[in-house]
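Structure first, then comments.
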Amino acid sequence: MDNATQVGSLIVRARTGYGLYPLENAHVTVTLEDREDSKVVADVYTDNSGNTPIIKVAVEGNNRKGEYYPTGQDFTVEVAKDGYQTVILYGVKLYPGVETSQTVLMALLPDNQGIKPQPYDTEIMI
Numbered sequence: 001m002d003n004a005t006q007v008g009s010l011i012v013r014a015r016t017g018y019g020l021y022p023l024e025n026a027h028v029t030v031t032l033e034d035r036e037d038s039k040v041v042a043d044v045y046t047d048n049s050g051n052t053p054i055i056k057v058a059v060e061g062n063n064r065k066g067e068y069y070p071t072g073q074d075f076t077v078e079v080a081k082d083g084y085q086t087v088i089l090y091g092v093k094l095y096p097g098v099e100t101s102q103t104v105l106m107a108l109l110p111d112n113q114g115i116k117p118q119p120y121d122t123e124i125m126i
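Numbering (our numbering), first residue to last: 1 to 126.
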């Protein structure tokens with residue numbers, strides 16, 4: 001089997017309030033999980049809809065007899081925002097030629113319970 005490198009992609013969607021409210025300006029770091037050396041492959045922020053831009057990364061897979069059988073690679077996704085508990089997801093699998101979407105639900109820290117999510121304030125309290 002030959003290792004082949006192709007491009008895979010990821011979109012991270014940061015939400016709060018049981019997934020109802022997008023979180024703008026959440027800091028998203030994507031790291032390749034490697035035993036020898038972890039490598040940051042993306043360092044971005046979410047937009048006003050709570051989504052990152054499309055993150056494109058090189059992903060290795062296996063190639064047999066000219067047919068592509070993606071095995072993917074594992075990445076760590078860390079999402080942080082002031083006033084919210086940081087979320088770290090280990091083992092997020094990305095595949096060559098595939099766009100992966102990862103939704104992250106972030107909880108308000110106890111000292112920020114009075115903060116209402118923006119920009120879509122409603123009568124729902126978190």
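Glycine included, every Cβ here is placed at the ideal spot set by N, Cα and C.
Given the structure is predicted, the values throughout are model-derived calculations rather than measurements.
Quick one: what's got a C-beta closer than 6 Å to residue i's C-beta in the same chain, skipping five residues either side?
i    : result
T136 : In the structure as shown, the chain starts at 1 and stops at 126, and residue 136 therefore has no counterpart that could be examined.
T86  : A80
L105 : R15 and G19
T5   : A58 and E60
Going straight from the alpha carbon of residue i to that of residue j, what length do you get?
i   : j    : result
I88 : R13  : 14 Å
Y84 : A107 : 6 Å
V7  : E36  : 22 Å
G50 : Y21  : 8 Å
A42 : V59  : 13 Å
G66 : T103 : Reliability fails at G66, whose pLDDT of 49 lies under 50, so the model's placement of it is uncertain and the value that follows must be treated cautiously. The alpha-carbon atoms of G66 and T103 are separated by roughly 34 Å.
A26 : D47  : 8 Å
Y18 : G97  : 31 Å
Per DSSP, residue i is paired with what?
i   : result
L23 : None; L23 has no bridge partner.
T46 : For T46, which the question treats as bridged, DSSP gives no partner whatsoever.
K56 : S9
K93 : D74
S38 : In DSSP, S38 forms no bridge with anything.
Excluding five sequence neighbours on each side, which residues of the same chain lie with their C-beta closer than 7 Å to the C-beta of residue i?
i    : result
K39  : T31 and L32
S53  : First, the amino acid is wrong: residue 53 is Pro here, not Ser. Cβ neighbours of P53 beyond the five flanking positions: V44.
G72  : V59, G61, K93, L94 and Y95
K56  : V7 and S9
L109 : G83, Y84 and Q85
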